[in-house]
Amino acid sequence: MTPQELKNSILQLAIQGKLVAQRPEEGTAEELYKQIQAEKKQLIKEGKIKKDKPLPEITEDENPFDIPESWVFVRLEDMVQKNIKRGKSPTYSTSSNTLVFAQKCNVKAGGINMELAQYLDESTLRKYPEEEFMIHMDIVVNSTGNGTLGRVGLFCDSDNPTNQKIVPDSHVTVIRVNSLLLTEYAFYYLRSCQPYLESMGGGSTNQTELNPSVLRTLVLPLPPLAEQKRIVAKIEELLPYIGRYEQAWSKLEDFNKCFPTDMQKSILQAAIQGKLVEQHPEEGTGEELYQQIQAEKKRLIKEGKIKKEKPLPEITEEEIPFDIPESWKWVRIGQIFSLQAGKNITSSDIYEVPSPDHSFLCYGGNGIRGYVSFNNRNGHYALIGRQGALCGNINFANGSFYATEHAVVVEHFQMCDVLWSGYFLRALNLNQYATATAQPGLAVSNIVKVLIPLPPLAEQKRIVAKLEEILPLCEKLKR
Numbered sequence: 006m007t008p009q010e011l012k013n014s015i016l017q018l019a020i021q022g023k024l025v026a027q028r029p030e031e032g033t034a035e036e037l038y039k040q041i042q043a044e045k046k047q048l049i050k051e052g053k054i055k056k057d058k059p060l061p062e063i064t065e066d067e068n069p070f071d072i073p074e075s076w077v078f079v080r081l082e083d084m085v086q087k088n089i090k091r092g093k094s095p096t097y098s099t100s101s102n103t104l105v106f107a108q109k110c111n112v113k114a115g116g117i118n119m120e121l122a123q124y125l126d127e128s129t130l131r132k133y134p135e136e137e138f139m140i141h142m143d144i145v146v147n148s149t150g151n152g153t154l155g156r157v158g159l160f161c162d163s164d165n166p167t168n169q170k171i172v173p174d175s176h177v178t179v180i181r182v183n184s185l186l187l188t189e190y191a192f193y194y195l196r197s198c199q200p201y202l203e204s205m206g207g208g209s210t211n212q213t214e215l216n217p218s219v220l221r222t223l224v225l226p227l228p229p230l231a232e233q234k235r236i237v238a239k240i241e242e243l244l245p246y247i248g249r250y251e252q253a254w255s256k257l258e259d260f261n262k263c264f265p266t267d268m269q270k271s272i273l274q275a276a277i278q279g280k281l282v283e284q285h286p287e288e289g290t291g292e293e294l295y296q297q298i299q300a301e302k303k304r305l306i307k308e309g310k311i312k313k314e315k316p317l318p319e320i321t322e323e324e325i326p327f328d329i330p331e332s333w334k335w336v337r338i339g340q341i342f343s344l345q346a347g348k349n350i351t352s353s354d355i356y357e358v359p360s361p362d363h364s365f366l367c368y369g370g371n372g373i374r375g376y377v378s379f380n381n382r383n384g385h386y387a388l389i390g391r392q393g394a395l396c397g398n399i400n401f402a403n404g405s406f407y408a409t410e411h412a413v414v415v416e417h418f419q420m421c422d423v424l425w426s427g428y429f430l431r432a433l434n435l436n437q438y439a440t441a442t443a444q445p446g447l448a449v450s451n452i453v454k455v456l457i458p459l460p461p462l463a464e465q466k467r468i469v470a471k472l473e474e475i476l477p478l479c480e481k482l483k484r
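According to the numbering used here, the sequence shown is numbered sequentially starting from 6.
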């Protein structure tokens with residue numbers, strides 16, 4: 006159960022009379038309702054509120070759930086000391102002593118924030134009767150627009166430390182309940198109704214409106230006043246526990262999001278440090294493999310199949326980032342691989358879907374870009390993305406494909422496993438060597454100098470087998 010679901014569940018128990026026990030000595034809501042109606046008649050007589058058209062009787066079909074016998078269903082409009090309506094369209098000023106309460110002041114998670122309010126042009130104050138100014142414990146309901154429609158807030162004196170006059174704008178509905186209905190109870194009830202209020206928005210798709218009549222005729226379960234107080238006390242006793250649960254839930258969600266990725270990184274780190282599989286002396290050493298690779302490179306250079314590159318600097322003790330098995334050897338990437346950047350291609354040559362004429366995969370800096378009608382590579386390779394936010398990422402290509410100038414093709418020799426090369430390059434986090442510019446990039450001249458540990462070929466294959474057994478399990482966790 007999510008924190009919000011738990012909160013909703015508690016509010017539902019509260020408004021159904023299931024959160025606290027009923028006590029006969031506290032009287033009935035019917036008695037309370039009659040007192041409220043008598044007080045309302047007095048307010049109408051004194052001209053403090055207008056006499057509205059009679060509200061429709063509550064039908065059996067409108068009762069949303071069963072309530073205790075001592076409770077009664079009422080219309081919200083019957084429970085107020087000020088007619089439920091929206092504020093007025095304001096005229097703003099750059100500075101004044103009167104603030105305008107707008108929807109943005111009713112912050113989703115942070116309660117009321119009057120720092121977001123604008124100033125009212127005080128030359129228009131005459132159009133605001135005294136009861137239109139907001140007072141302590143006014144309930145506010147956002148009544149316009151998608152996203153915030155139906156959001157319920159509670160305005161308190163503490164939200165107005167400068168003690169300025171405040172009027173609501175035309176997108177906010179204010180509910181000021183009768184003194185015999187506990188404001189906090191009405192507030193929590195309306196909070197529980199937020200999904201319903203959101204669903205009652207009407208108008209165009211771009212500008213939905215919550216008609217005040219929806220709030221006026223809203224059916225409210227009314228308990229006796231003493232029980233209202235006990236309900237509110239119980240809710241407010243439980244809220245801190247929900248808050249703690251929410252924090253724990255948030256941490257758990259963050260952990261669940263990060264865990265699969267962090268686990269993958271840890272597994273790759275174990276692999277690159279020689280801790281994922283055991284070393285077998287009979288499989289030879291990284292030094293022996295290195296010498297075989299150098300002999301192969303010399304042969305290919307002699308045959309003109311690859312170019313002779315500048316010698317790379319000797320590896321110093323200070324450069325070595327971690328310990329590796331004795332049978333392994335530290336080398337530079339350029340000593341055991343030949344790195345070749347792909348070729349430029351125009352966007353018009355790349356298609357989103359394959360066809361008989363465009364069947365070759367095209368790889369860019371972040372993986373597959375689309376399909377093209379020609380290829381410039383054939384075989385099984387690891388590719389390094391060399392440009393963009395994801396530069397340094399590793400992809401694998403197999404078969405005939407096209408590598409763009411934003412992809413570096415890792416030419417491996419027969420003595421190295423292509424999947425091993427990709428996994429180890431991924432573990433090196435090559436993104437850290439990118440140039441810090443608006444468009445991060447990796448230069449081949451920098452990549453070739455990066456250190457990589459070289460295990461014997463047979464061990465490379467065992468490492469790959471173990472990785473391909475474990476990494477898919479991490480992918481499942483992401484789902």
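Ideal Cβ positions, reconstructed from N, Cα and C, are used throughout, including at glycine. The structure displayed is predicted, hence computed values, not measured ones.
For a cut-off of 8 Å, the C-beta gap from Phe78 to Val224 is around 5 Å, short enough to register as a contact.
Put simply, of Ala439, Trp76, Arg196, Gln169 the residue whose alpha carbon is nearest the alpha carbon of Gln123 is Gln169.
By the CB criterion at 8 Å, Pro477 and Trp333 fall outside the cutoff. Spanning the alpha carbons of Glu242 and Ile236 requires a straight line of approximately 10 Å.
Rounded to whole angstroms, the separation of the alpha carbons of Gly347 and Ser14 is 58 Å.
Between Val415 and Tyr386, the CB-CB gap stays under 8 Å.
In this structure, Leu344 lies away from Val423, with their beta-carbon atoms at least 8 Å apart.
Taking a contact to require three or more Cβ pairs closer than 8 Å, the region 27-43 and the region 74-88 qualify as touching.
For Ser204, the enclosing alpha helix (DSSP H) covers residues 199-204.
Between the region 246-262 and the region 118-134, the count of Cβ pairs shorter than 8 Å is below three; the stretches do not touch. Counting only residues of its own chain and dropping the five nearest sequence neighbours on each side, Tyr368 has a CB closer than 8 Å to the CB of Gly347, Arg374, Leu388, Asn400, Ala402, Phe406, Tyr407, Ala408, Thr409, Ala412.
Going by DSSP, Phe106 is part of no alpha helix (DSSP H) but of the beta strand (DSSP E) stretching over 103-106. Around the beta carbon of Glu189, 16 or more other beta carbons sit within 10 angstroms, so the residue counts as buried. In the DSSP assignment, Gln278 falls outside any beta strand (DSSP E), carrying neither H nor E. The straight-line gap separating the alpha-carbon atoms of Pro245 and Cys110 is approximately 24 Å. Between the region 61-73 and the region 159-166 there are fewer than three C-beta pairs closer than 8 Å, too few to call the two in contact. The Cβ neighbour count for Tyr97, taken over all protein chains shown within 10 Å, is under 16; the residue is labelled exposed. By the criterion of a C-beta distance shorter than 7 Å, Asn165 is surrounded in its chain by Met119, Ile171, once the five residues flanking it on both sides are discounted. The alpha-carbon of Ile457 is positioned some 34 Å away from that of Phe379. In this structure Glu293 does not touch Ala463 by the C-beta definition: roughly 11 Å separates them, more than the 8 Å allowed.
Counting only runs of at least 4 residues, the region 397-467 fully encloses the following alpha helix (DSSP H) elements, listed from N- to C-terminal order: 423-432, 449-452.
If only complete runs of 4 or more residues are kept, the region 213-278 shows the alpha helix (DSSP H) at 217-221, 230-277, in order along the chain. Ranked by how close their Cα comes to the Cα of Leu220, the residues Lys239, Cys198, Lys466 have Cys198 in first place. In this structure, Leu281 sits near Lys471, with a CB-CB distance shorter than 8 Å. As summarised for the region 27-78, there are no continuous beta strand (DSSP E) elements at least 3 residues long confined to that stretch.
When DSSP reads this structure, Thr149 sits in a beta bridge with Glu214. In this structure, the straight-line span from the alpha carbon of Gly22 to that of Leu230 is close to 13 Å.
Beta-carbon to beta-carbon, Val85 and Ile240 are separated by about 22 Å, too far to satisfy the 8 Å threshold. Contact annotation, Val177 with Asn147: C-beta distance approximately 6 Å; criterion of less than 8 Å satisfied. Partner residues in the beta bridge of Ala387, as assigned by DSSP, are Phe401, Val415. DSSP, read as helix, strand or coil, puts Ala346 in strand.
Boundaries of the alpha helix (DSSP H) harbouring Gly339: 338-341, taken from the DSSP string.
One Cα belongs to Ile355, the other to Ile311, and the distance between them is close to 29 Å.
In this structure, the beta-carbon distance from Ile247 to Lys87 does not fall below 8 Å. Around the CB of Val105, 16 or more other CB atoms lie within 10 Å, so the residue is classed as buried.
Look at Leu125 here: in three-state DSSP terms it is strand.
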